[in-house]
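Colleague: The structure is given below, and queries will be raised subsequently.
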Amino acid sequence: MNSLDLDDTYSTVDILASDFVARYRNGDRPTVEEYANRHPELSEPIRRVFPLVLSVEKVKIDQQSESDGSATLAGRVLERLGDFRLVREIGRGGMGIVYEAEQESLGRRVAIKVLPKQSLLNDDALQSFRREASTAAAMHHSNIVPIFGTGQCEGTHFLVMQLIRGESLDKRVTTEQPSFDCRTAAEIAAQISDGLAYAHGNGVLHRDVKPANILIDEDGVAQLTDFGLARNTRDDPTMTQALSGSPRYMAPERFQGQSDERSDVYGVGLTLYEMLAGTPAFKGLTPHQLPEAVKLHLIKPLTEFRSDIPTDLQTIVAKAINPEPAHRYQSATDLRDDLNRFLKDEPILARRTTTLQRLVRWCRRNPKLATVTGIAIVSMLAATVASSVGFAMTSAANKRSSEALAQSEQTVDLALHSLDGVVDVISIPASAMGDMDMGEMDSGQFLLNPSPHAAKVLENIQPLYERLANQSPTRPDILRQMIEASLRLSLIQQQLGQIDAAIGTLNQSVELLETRGNLAGLPINEKRILDARLHNELGKVYALNLDYAKSDEAFEMAIQSGEAVTDPDDRLKLQLAYALVALGDPPAQRRRDQAEMPGESRTARERLSAARAILSELNPAAHDASEVSVLRARIHLADSRRAKRPAVRQSEFLSAIEILRERLTQTPDDSRVRFALVEVLASVNLRRQFGSERLTDEAEKRLHEALAELQPLRSINPKTQLFAVSEVHILHKLSNLARSNGDFALALDRLEKAIAIQSSLVDASPDSMPHRCWRALLYRSLAEVHRRQGDDDAEREAITAAVADLDAISPESREHPFAVQTQQIIQKLAADAASEPDAL
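Taken in order, the sequence shown gives residues 1 to 840; the numbers are from full-length UniProt numbering.
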């Protein structure tokens, strides 16, 4: 062969080699023999050159990896992948780089994991990626990050997932010492175990459970990612081809090629260990030392890191990470159930518990029931049965929800029905379950004994609705139920004193309705009704927070929604009337602020007149009749306050009372109507009463009647802060009446009761500015009574307590008008006390 032919030969081989490498880079798997057979005249140089070229390519890509082993894209910068516009990088690891992206055709944000080139150079890795991504995409569970699908664009393989707003667990484990309190760590482990139990039930093993693959979203929900995706470790070449997963979190049997559900349980247990210890279980070990350390279980006891971990939780961790699979929890379900037992302070199954220990636990959980005898024990047993039935209903509903969410579009109806069942079980009073149509409860209905647990359950349900909405964005029933659930959540938060949380919940729903209402195809009237309901509720909550400017704005928005519809139905008219009454009959504090605004009185009368006209046209449904009665009574009460002549004032007041008592004869258990009656009876303006013995006696009679009507509500609903606040204000007025009559002992007795109740509210919500201010004003009244009695030491003590409450208010809340006004009152009180001769 002459030199010219030789040059042509190597030129052709070079071209073929470039094509060979390009195909490899794009994810194809050409073989050397394929090219040799296609070009037999060049088979010898092809067999000699191609392996060398491929080796150089592999080395080149490996050298472009980061020093920590995390993936790169071999020097490329990606801006889009087909329909997906990449927004920003949000993380990277050995298996790929994760981006936040916008899917432009659907207008939604997603997470995209892009596989690095080095993964594509391995046939097994690419096949495993395709197979396992398909398996993971078929799973739908609240604790598993949903996978929407896979794709390929110009040789780049990627995975499309739901975008989770939050952070990975490993960041929190490595940055906080210790990372979590015991209860939070157990809750996260229980959630991950629940997700694994679902996956195992579908025949899928994760094989790489570790903190880096657990995301904690903004609501605190733990979600497992990289599900079923084999991960090759690059830091130990001897294991790269044999093992999938991260050696530090592998169960000992994994190093012998064995893997089952118990191996995933080990990963959860080790993750829980690290959450509690705040440090990796194995660190400072080489890849060769690590397998031996895992097999020999060279893990420090948790007690070396912390002394506050309960024995039961230590036992759960020890059982989950036992090096012998036979001595571990045999399934993720077993681990989840024992964690839930720990969280409910019930005996765990990981060790035997004596009868005495069970009794002590039960008494600790039920202190009041444990003190009763005889018939009370029977009552306790009945209550236990009832609560077990309620829990079973909730568990069944949750199980149905999880199972429904595992289905595709065909099962959305079942999923919605199940979620609605959970919401009903959580938020509807047990005493009303038998009599109430589930569809008749609205956001104005009071709940019996709302609990933080109920609020948490409803918070965690919101992401489930979100996923269903993402799956079926054009279905209005999903959006409708999401908003109904948030209205109930807001109500529970209000009654627990979580005012800021309630405001956040409602504002999120307003935004949700605005952004998804049209896409979901909500009828215009229904959208306006929901918008009006949300803004009316916002107006009420802002008023509770004494933010009257935002309260007025919210009610105005509700009115705009009502007036924007040319032919509103009765439900929308009712919301419109509610907003008009709220603006026409504001809270007492707001009325005092508006007293110096001449135009406000005329505007208020016009709004009440408009509301009266709307209510007169309504033919309300049974579950709206109470709301209509309450609004009518409020209008009469407002007219009573504004009346100049005593006879008209008394007539309007009696009309309000008559409307509410008539409604109570039809629905005696309606707490909303009864509380409205309490508010009407307690609406005594003491400034008008002083100086007239008859009016003072009448005012005291009304206040006692209000207190009598309130007591059943308080006894049945001890955790409803609205009722507690009402009792405080009634006792305060009664104390002022006693003081005006010279009965200081009675005045002190009533004040001390009011302060005790208000203190319980402060203890429940220590950051609440209104609660602090109201208690400071109660201490002010206490100081004034002590001054009248000549008890200087007690007066100074009361003033000191008032000042302490004001000092405890957060700096950002001290500029609130109510806080400023209260501060001025207490400062004047302290100045007056300091100027008295006895104080010098």
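Built from N, CA and C at the ideal position, the CB exists for glycine as well.
Report the residue ranges of all alpha helix (DSSP H) runs contained in full by the stretch 721-777; include only those spanning at least 4 residues, in chain order.
Modeller: Positions of the alpha helix (DSSP H) runs, each at least 4 residues long and wholly inside the stretch 721-777, are given as 721-740, 744-764 in order along the chain.
Colleague: Across which residues does DSSP place C153 in a beta bridge pair?
Modeller: Answer by DSSP bridge pairing, in chain order: T156.
Colleague: Which whole-angstrom value is the C-beta distance of E546 and G584, which I expect to be below 8 Å?
Modeller: Residue identity differs from the one stated: residue 546 is Leu in this sequence, not Glu. With a Cβ gap of about 19 Å, L546 and G584 do not count as contacting.
Colleague: Using only the alpha-carbon positions, how far apart do T603 and Q560 sit?
Modeller: 16 Å
Colleague: If you compare alpha carbons, which of R516, R183, M250 is closest to F282?
Modeller: M250
Colleague: Skipping 5 residues on each side, what residues in its chain have a beta carbon closer than 8 Å to that of R661?
Modeller: L677
Colleague: When DSSP builds the beta bridges, which residues end up paired with Q162?
Modeller: The partner list for Q162 (beta bridge, DSSP) reads V110.
Colleague: Measure the Cβ-Cβ separation of T333 and A197 and say whether it is below 9 Å.
Modeller: yes
Colleague: Taking the alpha carbon of Q152 as the point to measure from, which residue in Q162, F20, K550, L115 has its own alpha carbon closest?
Modeller: Checking every option, the nearest Cα to that of Q152 belongs to L115.
Colleague: Can you tell me where the beta strand (DSSP E) holding L224 begins and where it ends?
Modeller: 222-224
Colleague: Following the continuous alpha helix (DSSP H) through V98, name the residue where it begins and the one where it ends.
Modeller: Annotation for V98: no alpha helix (DSSP H) segment contains it, though the beta strand (DSSP E) segment containing it runs 97-103.
Colleague: Please state whether DSSP places D791 in a helix, a strand or coil.
Modeller: coil
Colleague: Among L618, S683, G562, whose alpha-carbon lies nearest the alpha-carbon of S640?
Modeller: S683
Colleague: Of the residues I214, E304, S486, which one's Cα is nearest the Cα of V268?
Modeller: It is I214 whose Cα lies nearest to the Cα of V268.
Colleague: The alpha helix (DSSP H) with L681 in it runs from where to where?
Modeller: In this chain, the alpha helix (DSSP H) harbouring L681 covers 671-682.
Colleague: Going by the CB atoms, is the gap between T279 and V173 shorter than 9 Å?
Modeller: Between V173 and T279, the C-beta gap is smaller than 9 Å, which places the two residues in contact.
Colleague: Would you call R47 buried or exposed, if buried means 16 or more other Cβ atoms sit within 10 Å of its Cβ?
Modeller: R47 comes out exposed.
Colleague: Using the beta-carbon count (16 or more within 10 Å), is H206 buried or exposed?
Modeller: Using a 10 angstroms sphere on the CB of H206, the tally of other CB atoms reaches 16 or more, which defines it as buried.
Colleague: Spell out whether any CB of chain D is found under 9 Å from the CB atom of V725.
Modeller: The chain inventory of the structure shown lacks chain D, comprising one protein chain alone.
Colleague: Taking the alpha carbon of L506 as the reference point, which residue from R533, P523, P620, D308 has its own alpha carbon closest?
Modeller: R533
Colleague: Tell me whether R248 sits in a helix, a strand or coil according to DSSP, three-state version.
Modeller: helix
Colleague: Specify whether the stretch 215-226 and the stretch 294-309 touch according to this definition: at least 3 beta carbon pairs, one from each stretch, less than 8 Å apart.
Modeller: no
Colleague: Helix, strand or coil: how does DSSP classify D639 here?
Modeller: helix
Colleague: Report buried or exposed for H704, applying the criterion of at least 16 other Cβ atoms within 10 angstroms of its Cβ.
Modeller: With fewer than 16 neighbouring CB atoms inside 10 Å of its own CB, H704 falls in the exposed class.
Colleague: What are the partner residues of G91, as DSSP defines its beta bridges?
Modeller: V98
Colleague: Of all the options A783, D807, A190, I809, which has the alpha carbon lying nearest to the alpha carbon of A831?
Modeller: Comparing Cα-Cα distances from A831 to each of A783, D807, A190, I809, the minimum goes to A783.
Colleague: Using a threshold of 9 Å, state whether the C-beta atoms of L544 and P770 are closer than that.
Modeller: yes
Colleague: Can you list, in chain order, the residues of its chain whose CB lies under 7 Å from that of I809, leaving out five sequence neighbours each side?
Modeller: Taking I809 as the centre and dropping the five residues before and after it, the same chain places the C-beta of M769, R772, A819 closer than 7 Å to its C-beta, in chain order.
Colleague: Nearest-angstrom Cα distance between G672 and E627?
Modeller: A small fix is needed here, since residue 672 is Arg in this sequence, not Gly. Those two C-alpha atoms are separated by around 8 Å.
Colleague: Please say whether V565 and N525 have beta carbons closer to each other than 9 Å?
Modeller: yes
Colleague: Between which two residues does the beta strand (DSSP E) carrying D217 extend?
Modeller: 214-217
Colleague: Would a C-beta distance cut-off of 9 Å place P252 and K300 closer than the cut-off?
Modeller: no
Colleague: So what's S142 in DSSP terms, helix, strand or just coil?
Modeller: coil
Colleague: Residues bridged to L86 by DSSP?
Modeller: A101
Colleague: Rounded to whole angstroms, what is the Cα-Cα separation between D792 and H786?
Modeller: 7 Å
Colleague: When the Cα atoms are used, what is the spatial distance from E679 to I755?
Modeller: Looking at the two C-alpha atoms, the distance is approximately 20 Å.
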